[in-house]
Each structure stands twice: as C-alpha cells, then as structure tokens.
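Residues -1 to 178 (our numbering) make up the sequence shown, in order.
Where is the CB? At the ideal position from N, CA and C, for every residue including glycine.
No experiment lies behind these values; they were computed from the predicted model shown.
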Amino acid sequence: DWKGLSERFKPVLKQVREDQDFADYANMMIGELNSSHMGFNMPRNVRIDEPSGHLGADWAFDGGRAVLTRILKDGPLFDRRDAVAAGDELVSVDGAALDPAVSFWKYFNGKIDKRVKLVFRNPKTQKTAEVAVKPIAAGAENGLRLEEWIVSRREAVKARTGDQAAYIYMRAMGTGDLTR
-1 DWKGLSERFK
9 PVLKQVREDQ
19 DFADYANMMI
29 GELNSSHMGF
39 NMPRNVRIDE
49 PSGHLGADWA
59 FDGGRAVLTR
69 ILKDGPLFDR
79 RDAVAAGDEL
89 VSVDGAALDP
99 AVSFWKYFNG
109 KIDKRVKLVF
119 RNPKTQKTAE
129 VAVKPIAAGA
139 ENGLRLEEWI
149 VSRREAVKAR
159 TGDQAAYIYM
169 RAMGTGDLTR
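1) Nearest to D161 by alpha carbon, out of R169, K122, R151 and V117?
2) Of the choices A95, W103 and N107, whose alpha-carbon is the least far from that of V117?
3) Could you give the distance in angstroms between the alpha-carbon of L144 and the alpha-carbon of A138?
4) Using DSSP with H/G/I as helix, E/B as strand and the rest coil, what is E145?
5) Using 8 angstroms as the Cβ pair cut-off and three pairs as the minimum, do the region 67 to 76 and the region 87 to 106 touch?
6) Going by DSSP, what residues sit across from R119 in a beta bridge?
7) Assuming R78 and V129 form a contact by the criterion Cβ under 8 angstroms, report the distance between their Cβ atoms to the nearest whole angstrom.
8) Is L96 helix, strand or coil by DSSP?
9) By Cβ distance, which residues of its chain are closer than 6 angstroms to S50, with the 5 residues on each side in sequence left out?
10) Would a C-beta distance cut-off of 9 angstroms place G85 and K122 closer than the cut-off?
11) By the three-class DSSP mapping on this structure, what secondary structure does F20 have?
12) When the Cα of V131 is compared with those of A55, P98, K156 and A157, which residue comes out closest?
13) Taking the CB atoms as reference points, tell me whether R119 and V100 lie closer together than 9 angstroms.
14) Of all the options A154, A136 and G172, which has the alpha carbon lying nearest to the alpha carbon of H52?
15) Opposite W0 in the DSSP bridges: which residues?
16) For a test of the three-state rule: what should DSSP assign to V155, helix, strand or coil?
17) Look up N107 in the DSSP assignment and give the residues it is bridged to.
18) Hey, would you say R67 sits closer than 9 angstroms to A81, going by beta carbons?
19) Within 10 angstroms of the Cβ of P98, are there 16 or more other Cβ atoms? Answer buried if so, exposed if not.
Dropping the structure here:
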C-alpha cells in the first residue's frame, strides 16, 4: 500500500530540514517494499575540502569533554593502548586544548594520514599521556568497525554451534569477495 505508506510518512517528511534526513526517510519507505538492491541517494551539494581524520575509536561527549570509550582493533590508537585506555579524556590535539564550543571533528580536519600529537588525561590518576598517531579516513574507520563485527558474528556462530557451522560474510559478489 504505497499510498498509505506515503500518507504515514508525510507528516514527518514535511518537517525534514536536511537532505540526508530526507534520503533516510525515503529509504525507510523503500525498505517497506522488501526489495533487494533498491535505495535512494541525494547528490552531495557541498564538497568537503578537508575531511576529518578518525582515530579508530568511540567517544562520549559529556559536559564538554571528549572521553575515549573504546579503541578499535588495528585503528590508529590500537598500538598506543599502553598509554591510553577507555575512560581517558582527550585534552588537546597538536597543542590546541579542546574547546567545548568547537566541533570535536574540526580538530581533525585535513589530518588524514598526517601525524598528530594527542594528549589524554586519566581521570583517576590525573596523569597525562602524549601519543602521536596518523588519523585515518572515515571510510577506513568504518571498515575496521565492519571487520570487528564480522569477527564477533563468526565467534558467536562458533560458540552457539559448538564449531559445527561456519559463518560467512560477503560484502558483495565481486571476485575479491568470493575469494575471501
């Protein structure tokens, strides 16, 4: 019932202010069709000249503070786990103290694959640790998240089946995916 679905979504769509939000709702509607390989994308209106680098980590933003909550395997911070850990607060990037009024990601604009100095503070000991890392692109960080998820699904299947079933994840049907 496409017409009924349109009526159901119309009040929400009238309030949408961002192109990406419109695309998300349109994809929710298309998803109701249960049809594979269908979707809706908006053209990019703004070119990002200085995309932000990512550290391969999850963050909590609490009271104007950027708190490290998790380090992704093989991300830029992964090899620095001896110096930083979940719960540590990022206090500066390349000598600039983090300002709660400034977007966190602005400190990483144009920093992909460029060495940056980060200072973290442990909230329990108040000791600081300086680490140097090379941030990665958002797509590379998403790839780390996907790999982590694939491994977790593989382990879950192994545990639940007593290693009697295999878990196979395919991103697509290309040669590289089939070989993997």
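Short version:
1) R151
2) A95
3) 10 angstroms
4) E145 falls in the helix class under three-state DSSP.
5) no
6) E87 and T126
7) That belief holds up - the Cβ atoms of R78 and V129 are roughly 4 angstroms apart, short of 8 angstroms.
8) coil
9) W103, F106 and N107
10) yes
11) helix
12) A55
13) Result no, Cβ atoms of R119 and V100 do not sit closer than 9 angstroms.
14) Residue A136 is the option with its Cα nearest to H52.
15) BP columns for W0 are empty, so no partner.
16) Three-state result, V155: helix.
17) S50
18) Sequence check: residue 67 is Thr here, not Arg. Cβ distance not < 9 angstroms, so T67 and A81 don't count as in contact.
19) exposed
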